[in-house]
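To keep things clear, I will list the structure first and then write my remarks on it.
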Amino acid sequence: MRKYNFYPGPSTLPAEVLEAYGEELLEYQGSGASFIELSHRSDEVLGCHERIVAMVRELLGAGEDYHVLLLPGGAIGQYAAIPMNLVAEGGKASLAITGHWSAIASSEMAKFCELHTAVDTRPECRTIPDPSSWDVADGSEFVAFVDNETIHGVEFQRFPSFGGVPLVVDQSSNILSRPVDLSDVGVLFACLQKNLGPSGLAFVIVREDLCDRRGRAVPSVWDYPKQASNQSMANTPPTFQFRMAELMLHWVKDRGGVERMAAANEAKAKALYDYIDSSGYYSNKVDPKFRSRMNVPFFLPEPAQEAEFVSGAFDAGILGIKGHRAVGGMRASIYNAMPQEGVDALVSYMKDFAEKHG
Ligand code: PMP
Numbered sequence: 088m089r090k091y092n093f094y095p096g097p098s099t100l101p102a103e104v105l106e107a108y109g110e111e112l113l114e115y116q117g118s119g120a121s122f123i124e125l126s127h128r129s130d131e132v133l134g135c136h137e138r139i140v141a142m143v144r145e146l147l148g149a150g151e152d153y154h155v156l157l158l159p160g161g162a163i164g165q166y167a168a169i170p171m172n173l174v175a176e177g178g179k180a181s182l183a184i185t186g187h188w189s190a191i192a193s194s195e196m197a198k199f200c201e202l203h204t205a206v207d208t209r210p211e212c213r214t215i216p217d218p219s220s221w222d223v224a225d226g227s228e229f230v231a232f233v234d235n236e237t238i239h240g241v242e243f244q245r246f247p248s249f250g251g252v253p254l255v256v257d258q259s260s261n262i263l264s265r266p267v268d269l270s271d272v273g274v275l276f277a278c279l280q281k282n283l284g285p286s287g288l289a290f291v292i293v294r295e296d297l298c299d300r301r302g303r304a305v306p307s308v309w310d311y312p313k314q315a316s317n318q319s320m321a322n323t324p325p326t327f328q329f330r331m332a333e334l335m336l337h338w339v340k341d342r343g344g345v346e347r348m349a350a351a352n353e354a355k356a357k358a359l360y361d362y363i364d365s366s367g368y369y370s371n372k373v374d375p376k377f378r379s380r381m382n383v384p385f386f387l388p389e390p391a392q393e394a395e396f397v398s399g400a401f402d403a404g405i406l407g408i409k410g411h412r413a414v415g416g417m418r419a420s421i422y423n424a425m426p427q428e429g430v431d432a433l434v435s436y437m438k439d440f441a442e443k444h445g
């Protein structure tokens, strides 16, 4: 039996998407083989790639001035690929540290450029200082930030702006969850395994004019212009992820696109935070202005109750609720594919548990 799955990623996928894939597992649309048995140069796979690019442009509002890429190495790979592609040897960039993932980004990017920390909210990582107070180094080729910190549950309300310096945005855990303004965006990227499908790839849009500044060697699989002119097939791509990403994008589109996702996500997050705040039992310590709509960390009064909470949750049809070891407590990841009923089921279980133990 499928439970409501709150894992942070790999994470829940819509049943419709899994069923659609299941139906074509043996034979894909008259091709005579499973999609994952077809050559990546076949019309079917090239067509899938083309439809992904078209849907991404439509859903994100990314014009022809952006390359749309699907690249190996996940989002962590991009922490290295971005400075390699955008910054010349010895060049500078700035980055905001607002949680676990931006700290990882910092150590990775610093291997490939002179990286300045514009702001650092560690160790608590519970708020986002106003961007006007950030210390962006003069001559930065980009300013990077993690739009939604998956572990700390801190999310920007909107993209900051630094007088046109290109933004590098890690939207791994909130891509397509709300409309975004691409005006200042140089690169926007995400791992696939939250809102876009199964794990293993990075989805990247990058402004074409930023890609040729580097004059330095870049591995072919992360070379943006090379991948752009090769349908992201500089090596044999994971075609299963391609097809699943296409089905996910269709699913978002069929449900009315990003605005509709945003409204549903708002409602789910509100239901959960409202209950946590009013419970007198559970707590979430993030500055309410920057609470994530995708990942909701929360604490029980006693850490000793956590094991019982997690095992009782499983029996109540709730999977993957344990928090990350870096923060502790519990965490509910409520991406696009989590239905309102899943959040309602969680709240109902939390109420029962609090009544029994409070
Ligand atoms: N950035 C963020 C915000 C993430 O949540 C994650 C994965 N949880 C990553 C980067 C890393 O993604 P991957 O492991 O696919 O490289």
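Using my numbering, the first residue of the sequence shown is number 88, and each one after it goes up by one.
Beta carbons are placed, not taken as given, at the ideal position from N, Cα and C, and that holds for glycine.
Values in this document were obtained by computation on a predicted structure and should not be read as measured data.
Check residue i in the structure and name its three-state DSSP category.
| i | result |
| --- | --- |
| E389 | coil |
| L157 | strand |
| D207 | strand |
| F377 | helix |
| L173 | helix |
| Y91 | strand |
| A321 | coil |
| F290 | strand |
| S118 | coil |
| S264 | coil |
| P384 | strand |
| S98 | coil |
| S219 | helix |
| Y422 | coil |
| E395 | helix |
| E151 | coil |
| F246 | coil |
May I ask which residues mark the beginning and end of the beta strand (DSSP E) holding residue i?
| i | result |
| --- | --- |
| V256 | L254 to D257 |
| E182 | The sequence shown places Leu at residue 182, not Glu. K179 to I184 is the extent of the beta strand (DSSP E) around L182. |
| C278 | V272 to C278 |
| F448 | Within the shown structure, residues of the chain are numbered from 88 to 445, placing residue 448 beyond reach of any answer. |
Does the Cβ of residue i lie closer than 8 Å to at least one heavy atom of the ligand PMP?
| i | result |
| --- | --- |
| W188 | yes |
| G287 | yes |
| I215 | no |
| S193 | no |
| T208 | no |
| Q280 | yes |
| P384 | no |
| I184 | no |
| I163 | yes |
| P95 | yes |
| N92 | no |
| N423 | no |
| D257 | yes |
| N235 | yes |
| S260 | yes |
| G446 | Coverage of the chain is limited to positions 88 through 445, which leaves residue 446 absent and any answer about it impossible. |
| G284 | no |
| G160 | yes |
Provide the residue span of the alpha helix (DSSP H) that contains residue i, from first to last.
| i | result |
| --- | --- |
| K357 | G344 to S366 |
| D439 | Q427 to H444 |
| T326 | T326 to D341 |
| E145 | D130 to L147 |
| P312 | Y311 to A315 |
| V305 | Unbroken run through V305: none, as it is neither H nor E. |
| V104 | A102 to E110 |
| I191 | H187 to M196 |
Name, in chain order, the residues that DSSP records as bridge partners for residue i.
| i | result |
| --- | --- |
| D296 | D296 pairs with nothing; no bridge assigned. |
| K409 | M417 |
| I202 | As written in the sequence, residue 202 is Leu, which differs from the Ile given in the question. Answer by DSSP bridge pairing, in chain order: A180. |
| V241 | E236 and R378 |
| S370 | F386 |
Look at residue i and residue j and say whether their C-beta atoms are less than 9 Å apart.
| i | j | result |
| --- | --- | --- |
| L283 | A332 | yes |
| F246 | D222 | no |
| L156 | V267 | no |
| S248 | L254 | yes |
| V233 | V373 | no |
| M196 | P218 | no |
| L173 | E110 | no |
| G287 | P159 | yes |
| M335 | V104 | yes |
| A277 | Q258 | yes |
| H154 | Q392 | no |
| L359 | I421 | yes |
| F414 | H239 | Reading the sequence as shown, one finds Val at residue 414 and not Phe. Cβ atoms of V414 and H239: closer than 9 Å. |
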